[in-house]
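Chemist: Sharing a structure here in structure tokens format.
In our numbering, the protein residues as written are 224 to 621.
Written as structure tokens, this is what we have:
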């Protein structure tokens with residue numbers, strides 16, 4: 224049976240938006256503003272579930288750095304995303320938030336947050352705006368593909384419904400956090416329709432390391448601060464957290480794409496840490512060579528280099544006794560502590576995903592070349608970006 228249509232359109236045309244995350248809601252707002260009758264279909268019982276989850280620790284909606292630097296964060300996908308981010312980038316996102324009655328501020332790291340920090344006030348105001356624009360939202364409508372007549376088919380608690388519209392927006396998310404709605408099952412539908420999709424890969428993810436029980440008992444949950452992490456040609460400065468299964472946290476997420484790809488290509492991933500990034504290796508060697516008297520090596524590291532118990536435990540975990548007893552070798556290890564990665568954490572735990580609809584399947588406006596009138600937006604397209612507001616910015620701009 225057909226679903227209930229949206230309110231009459233000023234321009235006489237209809238649009239269906241499948242997915243009520245940030246990309247879908249923004250598409251609905253713009254289409255409604257252009258005079259379309261917009262109906263949004265969401266498989267979950269409510270809108271923006273992953274968006275709300277992101278806001279629990281402070282909604283990082285965009286970044287305050289200059290636009291030219293901002294654009295570099297999108298790597299190989301910059302060329303395709305740049306025209307959209309120049310039209311609706313960080314400044315425009317902040318103005319849009321203000322228009323919804325949500326003021327924002329730039330934190331010390333350059334990240335932009337709502338003053339209330341949470342996502343819920345923004346989402347409520349956004350949904351009110353969409354309602355005022357005439358948009359209709361149907362929840363518990365799970366998209367299962369197209370029928371032979373080209374109509375979208377949705378599974379509902381009352382049976383299947385079919386929908387036809389002049390424009391279709393697919394904004395179905397990536398492949399992580401399935402319980403919040405982005406299960407990635409749409410990929411099979413598109414592949415069956417002849418649309419190339421690249422397999423999902425975890426992005427902004429943690430990694431497994433075979434820690435000893437001793438290190439887990441002593442350090443799990445502890446931060447490793449003021450270090451640099453290096454993999455391949457990329458170096459990141461920041462902090463991360465030792466987990467029971469390996470490593471996670473902001474600095475790890477920032478380098479995760481490089482480390483993940485190294486692991487996928489070679490079967491081995493190596494992350495090199497500099498535990499004393501503000502000291503030269505010569506300075507570290509000289510300090511370690513000082514007589515330690517009756518001090519344990521741990522105390523010696525603390526007194527000469529300021530290394531805390533967590534960093535010291537990592538040194539003991541990775542190095543052998545002969546290295547620990549040689550100041551020059553130990554200095555080299557402290558400046559180049561190699562962690563062997565077992566594998567990335569499961570994709571469903573990742574903050575975001577790489578993979579999805581291949582760029583070659585889309586025109587410059589994200590329209591499917593093989594299916595005119597159907598557009599793919601947000602994380603379901605094959606691009607990735609680090610945390611820091613870049614993910615949401617690209618979803619909102621597309």
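Just so it is clear, CB atoms sit at the ideal spot from N, CA and C, and this is done for glycine as well.
1. Please go through the same chain and pick out, in chain order, the residues whose beta-carbon is closer than 6 angstroms to the beta-carbon of residue 224, but skip the five residues on each side of it.
2. In angstroms, rounded to a whole number, what distance separates the CA positions of residue 526 and residue 554?
3. Considering only residues of the segment 403 to 453, which uninterrupted alpha helix (DSSP H) runs meet the minimum length of 4 residues and lie entirely inside it, listed in chain order?
4. May I ask you to list the residues that DSSP assigns as paired with residue 544?
5. If you pair each beta-carbon of the segment 387 to 405 with each one of the segment 232 to 242, do three or more pairs fall below 8 angstroms?
6. Helix, strand or coil: how does DSSP classify residue 590 here?
7. Assign residue 324 to one of three DSSP states: helix, strand, or coil.
8. Counting C-beta neighbours from all protein chains within 10 Å, is the total for residue 328 16 or more, i.e. buried, or is it exposed?
9. Is it buried or exposed for residue 569, if we count other Cβ within 10 angstroms and need 16 for buried?
10. Anyone know if the C-beta pair for residue 475 and residue 534 falls short of 9 angstroms?
11. Hey, out of 302, 310, 345 and 331, whose CA is closest to residue 323's CA?
12. So, with DSSP's three-state summary, where would you put residue 286?
13. Sort out for me which residues DSSP pairs residue 361 with in a bridge.
14. Which full runs of the beta strand (DSSP E) of 3+ residues lie inside the segment 451 to 505, going along the chain?
15. From the DSSP output, in three-state form, read off residue 609 for me.
16. If residue 612 sits next to residue 272, beta carbons under 8 angstroms apart, how far is it from one beta carbon to the other, in whole angstroms?
17. Along the alpha helix (DSSP H) that carries residue 311, what are the first and last residues, could you check?
18. Which of the three DSSP states is assigned to residue 570 in this structure?
19. Specify, as a first and last residue, the run of the alpha helix (DSSP H) that residue 347 falls within.
20. When you compare only the Cα positions, how much space is there between residue 593 and residue 304?
Modeler: Taking the definition as stated:
1. Bear in mind that the predicted position of residue 224 carries a pLDDT of just 49, short of 50, making it too unreliable to give a figure here.
2. Roughly 15 angstroms between the two C-alpha positions.
3. You should have 409 to 415 and 436 to 442.
4. Per DSSP, none; premise fails for residue 544.
5. With three or more CB-CB distances shorter than 8 angstroms, the segment 387 to 405 counts as touching the segment 232 to 242.
6. If DSSP states are grouped into helix, strand and coil, residue 590 belongs with the strands.
7. Secondary structure of residue 324 (DSSP, three-state): coil.
8. Exposed.
9. Exposed, by the Cβ-count rule.
10. Remark: C-beta atoms of residue 475 and residue 534 do not approach each other more closely than 9 angstroms.
11. Distance check between residue 323 and each of 302, 310, 345 and 331 places 345 closest, using alpha-carbon atoms only.
12. Secondary structure at residue 286: strand, using DSSP grouped into helix, strand and coil.
13. Residue pairing of residue 361 in beta bridges, as defined by DSSP: 264.
14. Secondary structure within the segment 451 to 505: the beta strand (DSSP E) runs of 3 or more consecutive residues, fully enclosed, are 457 to 465, 469 to 471 and 492 to 497 (chain order).
15. In the three-state DSSP reduction, residue 609 falls in the coil class, being neither helix nor strand.
16. In fact, because the Cβ distance is near 19 angstroms, the residues do not count as touching under 8 angstroms.
17. Annotation for residue 311: no alpha helix (DSSP H) segment contains it, and DSSP assigns it neither H nor E.
18. Of the three classes helix, strand and coil, the one that applies to residue 570 here is helix, per DSSP.
19. In the DSSP assignment, residue 347 falls within the unbroken alpha helix (DSSP H) covering 343 to 355.
20. Going by the C-alpha atoms only, they are around 20 angstroms apart.
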